[in-house]
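Protein sequences, first through last, are from chains A and B.
Terminal number for the first sequence in this note's numbering: 1250, no gaps in between.
Terminal number for the second sequence in this note's numbering: 1470, no gaps in between.
Encoded as structure tokens, the structure appears first; notes follow it.
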Amino acid sequence: MSLLGILGWSDIIFVKAWQNPSISEAIAAGAGGAAVLGALGAAVLVTWLGAWRTLWTGWLTSLDHKKIGIMYIVLALVMIARALIEAVLMRVQQAAAVGDPGFLSADHYNQLFTTHGTIMIFFMAMPFLTGVINYVMPLQIGSRDMSFPMMNAVSLWLTVGGAILMMASLIFGSFSTGGWSAYPPYTGASFSPGVGVDYWIWAVTLASVGSTLTGINIAVTIYKRRAPGMTLFHMPLFCWTALAVSILMIFAMSPLTVATAMLALDRYAEFKFFTNGDGGNMMIYANLFWLFGHPEVYILILPAFGVYSEVFTTFSGKTLYGYRSLVLATMCIAVLSFTVWLHHFFTMGQSAEINAAFGIATMLIGIPTGVKVYDWLLTMVRGRIVASTALIFSSVFLVTFVVGGVTGIILANPDVDYQVHNSLFLVAHFHNMLIPGLLFGMIAAVQVWFPKAFGFRLDERWGRISALLWTAGFYLAFMPLYAMGLGGAMRRMRSWADPDWWPWLLAAEIGAFLLLGGLATLLMQFWVSVRNRRALAVPGGDPWDGRTLEWGTSSPPPEYNFAVVPQVDSRDAFTAVKAAGRAYSAPETYEDIEMPKATMVPLAIGLLAAACGFGLTWHIWWLALLAFIGIWGAVILRSFQRETSRVIPAAEVARQHEAWLEMVRGLPQTPRRAGLTPANSGRAEQGEPA
Amino acid sequence: MTGPRNEEEHEELRRERRALTIGAVQALILTCAAFAIPATGLLTGLAALAGIALLGVLQIAVHFRWFLHLDLRRSHRHDLQLVLFTVLIVTLMVGGSIWILFDLHDRMM
Ligand code: HEM
Ligand SMILES: [Cu+2]
């Protein structure tokens, strides 16, 4: 038994590529090298900027929900870069491998779709939406923080811990080849003996525990921390979707944690839950996984629905059409999403009546979703439209999402599903839901709330270029897959024999490159905006003539969000304040504000959890055990800490707030139509109430 | 030591202790009853199962009422809604799983 478990020299990717050189191995080594260089580059950059101290005290140890939200989004952007490059690599391979094995080994290709899927779901989409909710929701309900700031940071760092494991798999050993759903018995010890599946298990477990905690945090915050007067039905729609998502997280993440734990027991301790023989039954896994998996897709999509609702109302200058019906539809979707999971395994052996029941339930979800689409359209009708990048992404979503929804209804019919399940038709369908229905929403959210977080707008020109590339890329990359899928092309294929498919594959390849261009131009947009931040500055904090509370505070908001917690008595609370001419008026009194102190405990927990997962993956038992003890040690030590919060004196709050009010009152008022020009001062024109 | 604040806290503590005692006694009675059914042979077969299930449900209600302070008063409506919602979701998940897995089991026989 070696000190490093089963980890040996030849498991390191660079050594492996040296020992059996091939293009496939060289690419793998390149990816490992990129991961190492990326980490080193980041460290050098921080050192060069002399920013270690700021990074440590202001970010890594911070419990501020806004900082945590931003860090989640940074994580998502790092991970999407990797997963998107992997997607392009798969597409290049497929287009090169018609009647030819191509340049990637089968094993490498299988790892690519597994890591792509796993990262996109657990380390891109989930962190992105969690980050946006974290940033926006407390501001929108007029709260100073989440209910459990420390647990919030623990969730973040557990997710980062999982992401570290994903990255480590680029360098040490190799990842699972079992797809993002990791079905046994293939992922059991007898068919997948290596460390790949173990990486998957621990990375996903950390992320899902983090998400469960986040779900609890969001739900409690919404129930307990709303500003006085803000009834549930005064909440902005985004907060309703956050509430629905938190409920889904609480109930849906646990089946996944149970499933990964059982799979781990099968692999490590020779349990027989999911094995072929000895009384095991993999259908229990399929059932548990999709008990999580279907609600998960609504976890992914609902926050974007919330963002779109905010975008359509803000950039149309009208109150949301059919608010109550949207709330109702959101809550219906939340409940219905627990009644349809079987549609992911229609073809796996149950009776026709069960398939029929779940098929019908699935089609029912189309109703509330359809309601939403009409509400959004009607919100725009006769509105005072400002065609911002956010609104462009949202409009592309409206059109594209309907196509994806319709193919979903088609797939909900078990008879049809028997023909096209596991085909590229399915791959086209779910990307058609996830790219417009999740990614575009999150990008739109960044466009809308970036000025709130940093005090300057994002460059509109690069935003539009990016929107164009994302849209064109999406259609080119995924529409051909519908055709191929109907023609019988299966998913997860490294190469094809039929030369007729080559043109479709070529189109999809070009589309994938356009999508990569979409991401690159998005990053370019950040860069250009940072450089032009003077011209783009919106010091007033209300660049879009916003309707909800967060626009009434400074940009960036103070740590405590609101100098005085606002009193709310209607929906569109900030619009009401502006209409009544009460915006930027000074409050009568201030009070001391108590805020949590920074702590390194959550960061330590996340890193130790990653170490524990690494130890378990490589059978380095001492490491796993020490890390595990360390985690609980940190939790126990923390509980002895008495001074966990600090008080910001009322006088200090008053000084900051009065100075800000003074500054805003001096700003020119920006008319709506000037919102996208340098004339935007961040103080909206207080015209007649809309 | 007899400030108004202390008086209040004292009252609160007394009420709490009373609730916990009542709850503990009721829970104990229900538990004993559940054990008594098979032990005494009072009910048999399906009737015994139904009886124990009923006692189980009552047990849950007692826990909610006395230990989690859940009742129909307005201020507790939210908590009650959450519990009912949880029951709904858990029923869907567990019920559906049982339905599916038993069906699969039967078809594999
Ligand atoms: C943005 C451009 C994207 C491209 C070009 C792309 C491309 C691909 C490709 C080529 C596959 C493999 C298909 C096959 O099995 O034959 C795939 C699978 C998958 N993708 Fe994407 N994808 C993109 C974005 C996303 C996003 C945003 C998500 C989720 C949020 C996502 C989730 C998945 C999942 C879950 C799989 C299935 C993995 C598996 O088979 O286990 N993808 N994608
Ligand atoms: Cu589903």
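Beta carbons: idealized from backbone N, C-alpha and C, even for Gly.
Predicted model only: the values in this text are computed from it and were never measured.
One Cα belongs to A:S622, the other to A:K784, and the distance between them is close to 22 Å. At least one heavy atom of ligand 2 is found less than 7 Å from the C-beta of A:H904. Ranking A:G756, A:P863, A:T1159 and A:Y881 by CA distance to the CA of A:L808 puts A:P863 first.
By the 16-neighbour rule on beta-carbons within 10 angstroms, A:D1105 is buried.
In the structure shown, A:M706 falls within a coil segment according to DSSP collapsed to helix, strand and coil.
Secondary structure within the region 725-787 of chain A: the alpha helix (DSSP H) runs of 4 or more consecutive residues, fully enclosed, are 756-784 (chain order).
Remark: the shortest separation between the CB of A:V900 and any heavy atom of ligand 2 falls under 7 Å. The beta-carbon distance between A:P1040 and A:A1068, rounded to whole angstroms, is 5 Å. This is short enough to meet the 8 Å contact definition. Taking C-alpha positions only, A:G629 is separated from A:P1116 by approximately 13 Å.
The Cβ atoms of A:P1059 and A:G659 sit closer than 8 Å to each other. Residues of chain B with a Cβ closer than 8 Å to the Cβ of A:T899 are, in chain order, L1453 and G1457.
Collapsing the DSSP output to three states places A:F906 in coil. Contact with chain B is absent for A:L1197, since none of that chain's Cβ atoms lies less than 8 Å from the residue's Cβ.
In the pairwise beta carbon analysis, the region 1014-1030 of chain A is classified as not touching the region 876-888 of chain A: fewer than three pairs are separated by under 8 Å. With 16 or more other CB atoms across the displayed protein chains lying within 10 angstroms of its CB, A:Q1007 is buried. Collapsing the DSSP output to three states places A:V1207 in a strand. With fewer than 16 other beta carbons inside 10 angstroms of its own, B:R1468 counts as exposed. The DSSP-derived three-state label of A:M1223 is helix. A direct Cα-to-Cα measurement between A:G1173 and A:P687 gives close to 19 Å. Identification of residues in the region 806-824 of chain A having a C-beta nearer than 7 Å to some C-beta of chain B yields F811, given in sequence order. Distances from the CB of A:V987 to the heavy atoms of ligand 2 are all 7 Å or more.
Taking 7 Å as the cut-off, the C-beta of A:H991 does not count as close to any heavy atom of ligand 2. Counting along the chain, the unbroken alpha helix (DSSP H) around A:I640 starts and ends at H625 to A656. Here A:A728 is not near A:I679, since their CB atoms are 8 Å or more apart.
Closer than 8 Å to the CB of B:R1438 there is not a single CB belonging to chain A.
Secondary structure at A:E830: coil, using DSSP grouped into helix, strand and coil.
Taken from the Cβ of A:V857, at least one heavy atom of ligand 2 lies inside 7 Å. Taking the Cα of A:E1212 as reference, the smallest distance to any Cα among A:V596, A:F898 and A:D1152 is reached at A:D1152.
When secondary structure is reduced to three states using DSSP, A:I1153 falls in the strand class. Residue pairing by DSSP places A:F1016 opposite A:A1097 in a beta bridge.
Here A:W762 is buried. Its C-beta has 16 or more other C-beta atoms within 10 Å. Considered as a whole, the region 1013-1056 of chain A harbours 1020-1046 as its complete alpha helix (DSSP H) runs of no fewer than 4 residues, in chain order. Each of A:L816, A:A1169, A:I1189 and A:M1155 was checked against the Cα of A:S1205, and the nearest Cα belongs to A:M1155.
Straight-line measurement puts the Cα of A:A950 at about 12 Å from the Cα of A:R1021.
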